[in-house]
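Below you'll find the structure, written out as C-alpha cells, and then a few comments.
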Amino acid sequence: MDRLDRYRGCLLGGAAGDALGYPVEFDSRAAILSAYGPQGITDYALTDGIAQISDDTQMTLFTANALLFADTRRRIGAPGGTIEGATMACYQDWLRTQQEPYPQPAGDYTSWLAHVPELYHRRAPGTTCLTAIHQGANGTIGRPINQSKGCGGIMRVAPIGLYTKHPETAGLLAAQNAAMTHGHELGYIPAGILGYCVSTLSHEENTSLLTAIQASMNWAARQFSTAKHLPELTALVERAISLATSTLPDEESIRMLGEGWVGEETLAIAVYCALKYEHDFDRALIAAVNHDGDSDSTGAATGNLLGAYLGLSGIPQKYQHALELRKVILELADDLYHGCPVGYGRQPIVSIVGTPLAEPQPETSEDAIWDAKYRTAIYRPSATTIL
198 MDRLDRYRGC LLGGAAGDAL GYPVEFDSRA AILSAYGPQG ITDYALTDGI AQISDDTQMT
258 LFTANALLFA DTRRRIGAPG GTIEGATMAC YQDWLRTQQE PYPQPAGDYT SWLAHVPELY
318 HRRAPGTTCL TAIHQGANGT IGRPINQSKG CGGIMRVAPI GLYTKHPETA GLLAAQNAAM
378 THGHELGYIP AGILGYCVST LSHEENTSLL TAIQASMNWA ARQFSTAKHL PELTALVERA
438 ISLATSTLPD EESIRMLGEG WVGEETLAIA VYCALKYEHD FDRALIAAVN HDGDSDSTGA
498 ATGNLLGAYL GLSGIPQKYQ HALELRKVIL ELADDLYHGC PVGYGRQPIV SIVGTPLAEP
558 QPETSEDAIW DAKYRTAIYR PSATTIL
C-alpha cells in the first residue's frame, strides 16, 4: 500500500465515521436501536441524498488548510508562515462559516475553504471551540485559556499526523493545536497521541496498529511526564487495549470506556474499536457510533486511525459514495501528500540585508493552482468537485 492511499484513507475515513455518527450524536443507544433496528445505524442516514459531515470534519479540513498555508508562506519567505498563526486564521475563517451566510464578499481569507458553500452550515459546533476561537484561540500548553477537556481538540488534528513523518513532532504539534482551544491536560494530550499514531501509521511501513498505539503512549509518558492526569489517561487506554481482545459485547466494552464527550474517552473508544476490528473498517465504525455518547467524534477518531492503517482501499465503497465534500476531502489529502509543487516557492529576490523585495510568482499551471489555494486563498473549486 502506498502512502497516498493511507493519507486519503485517514481523512476520508474520519469523515465517514463522522457522517455515520452525526445523525445519532445526541441519541441514546436505546433510541438508536429503536430508530434503526437491532444492529443500530449501519449505513449513512442521507439528507437529500447526502451523508452530511459535522463540525468535526469541517474543522479537520480547516486544520489541513492551515498546515499547507503555513508551509507555503514559509517556503516563499512571506508573512504568515507559522503553523500557530495560520491555524488561528483558518479557524477564524471556519468561525465565519458558522456565523455568516454564503456567499461572503471578497475579503482577506487565509483558507480557500471559505469559498466552499457546503461548509456554511452549522453542524452542532462545540461551544468551547466557538468561544475560544471567537476570543482568538490563543491558548497554549503552558498558558491554558480554560479547563475544558472536551473532544473538540482531538477531533480535528489528524491532518497534523499526515503533515510530518516524525511522530514526536506530529504528537507535539497536535497537542499544541488542541491546547489553543482546550486547556485541560486531557483536552490536549489525547490529541497528541492521535497525531502521533496517524504519523506513524501513514509514514512507516509494516507497523502494526497496536505497536503504533503503544509507541504513542510511551511518547506521551515522556513528553508529559509531569502531567497530573496522565495516569488516568494511561489507565483508560490500557483498558481499551485489553477490552479489544475480550469477548464482551461492544456496547458493554464501550460503556466501560465512557461516552466520548471528553478527549480521553474519545481516544479510548477509538483505540478499542480500531483494535477490535483492525481489518474490518465497517464493523469498527458501526461499533464506534452505536452508543450513548458523542457518536460522530468517536466515529471520526476511529475512522482517522483505521483509515491511516488500512488506507482508502480498505474502506468499503458504501462509505465513499454520497459522502459530503468527498472530493474536497481527497483533494486536501492529496495536497498534504504531495506538498508544494517542485517549481513553486523559489527564493524571492532579496535585498542586501536579506529583506524580500518581491514574492515569487507561479510559473506553471500547477503552481498557479497551488498559489490560489495556499498563498492568496482565492481558489474556488468548481461545483463538480464538491461531492
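Reminder that position 137 of the sequence shown reads as 334 in the numbering used here, one-by-one numbering, no gaps. Just so you know, even glycine gets a beta-carbon here, dropped at the ideal spot from N, CA and C.
- prompt: Taking the alpha-carbon positions, what's the W291 to A412 distance?
  reply: Roughly 33 Å between the two C-alpha positions.
(message) Let me check one thing: in DSSP terms, what residues is L520 bridge-paired to?
(response) Answer is A248, bridged to L520.
Subject >> Beta-carbon gap between R320 and Y204 smaller than 8 Å >> reply: No, the pair does not count as a contact, with Cβ atoms beyond the cut-off.
Q. Residue ranges of each alpha helix (DSSP H) run of no fewer than 4 residues wholly in the segment 419 to 478, ordered along the chain?
A. Counting only runs of 4 or more, we get 427 to 440, 447 to 452, 460 to 473.
So A467 packs on T495, CB below 8 Å; how close in whole Å? Right, the Cβ-Cβ distance comes to about 6 Å (below 8 Å), so this counts as a contact.
Quiz item: Considering only residues of the same chain and omitting the five flanking positions on each side of G333, which have a CB-CB separation below 8 Å?
Solution: Cβ within range, chain order: M285.
Next item on the list: Compare the beta carbon distance of Y643 and L440 with 8 Å and say whether it is the shorter of the two.
Entry: Here the chain has residues from 198 to 584 only, and residue 643 is not among them.
From D224, F266, A227, residue whose alpha carbon lies closest to that of I566 = When only C-alpha atoms are compared, the closest one is F266.
The segment 348 to 358 touching the segment 401 to 411, judged by at least three CB pairs closer than 8 Å = The segment 348 to 358 is not in contact with the segment 401 to 411.
Q. What runs of the alpha helix (DSSP H), each 4 residues or longer, lie entirely inside the segment 361 to 400?
A. The segment 361 to 400 contains these whole alpha helix (DSSP H) runs: 364 to 376, 382 to 400.
Inspect the beta-carbon positions of L454 and R436 and report whether they are closer than 8 Å. Less than 8 Å divides the Cβ of L454 from the Cβ of R436.
**Message:** Assuming the contact rule is C-beta atoms closer than 8 Å, G210 and G490 should be a hit. Round their C-beta distance to whole Å, please.
**Reply:** Contact between G210 and G490 does not hold, since their C-beta atoms are separated by about 20 Å, which reaches or exceeds 8 Å.
Next on the checklist: Can you tell me whether G496 is helix, strand or coil according to DSSP?
Outcome noted: It is helical.
- Task: Using alpha carbons as the reference points, say which of F478, V313, G392 lies closest to K570.
- Result: Relative to the Cα of K570, the nearest Cα in the group F478, V313, G392 belongs to V313.
Margin query: Can you look up A206 in the DSSP assignment and give me helix, strand or coil?
Written below: It should be noted that the sequence gives Gly, not Ala, for residue 206. Helix.
key: Under the three-state DSSP convention, the category G349 falls into   = Per DSSP, reduced to three states, the secondary structure at G349 is coil, with no helix or strand assignment.
**Report entry** Host alpha helix (DSSP H) of Q344 (start-end)
**Finding:** Where Q344 is concerned, there is no enclosing alpha helix (DSSP H), given that its DSSP letter is neither H nor E.
Query raised in the report: How far does the alpha helix (DSSP H) with A227 in it reach, from first residue to last?
Result: Per DSSP, A227 is one residue of the alpha helix (DSSP H) stretching across 226 to 233.
Where the alpha helix (DSSP H) through Y288 begins and ends
From DSSP, the alpha helix (DSSP H) with Y288 extends over 280 to 296.
Does the distance from the CB of S396 to the CB of P364 come in under 8 Å?
Contact flag set, yes.
How is the alpha helix (DSSP H) around H331 delimited, first residue to last?
Per DSSP, H331 belongs to the alpha helix (DSSP H) from 324 to 331.
Near A263, what residues of its chain come up, given a Cβ to Cβ distance below 6 Å and the 5 sequence neighbours on each side ignored? Within the same chain, A263 has close Cβ partners A283, T284, C287.
CB of G214 within 8 Å of CB of A497, strictly | Cβ atoms of G214 and A497: closer than 8 Å.
Exposure label - V386; buried when at least 16 CB within 10 Å: Checking the sequence shown, residue 386 turns out to be Ile, not Val. It is buried - the Cβ of I386 has at least 16 other Cβ atoms within 10 Å.
Q.
Taking only three categories from DSSP, how would you classify E402?
A. In the three-state reduction of the DSSP assignment, E402 falls in the coil class.
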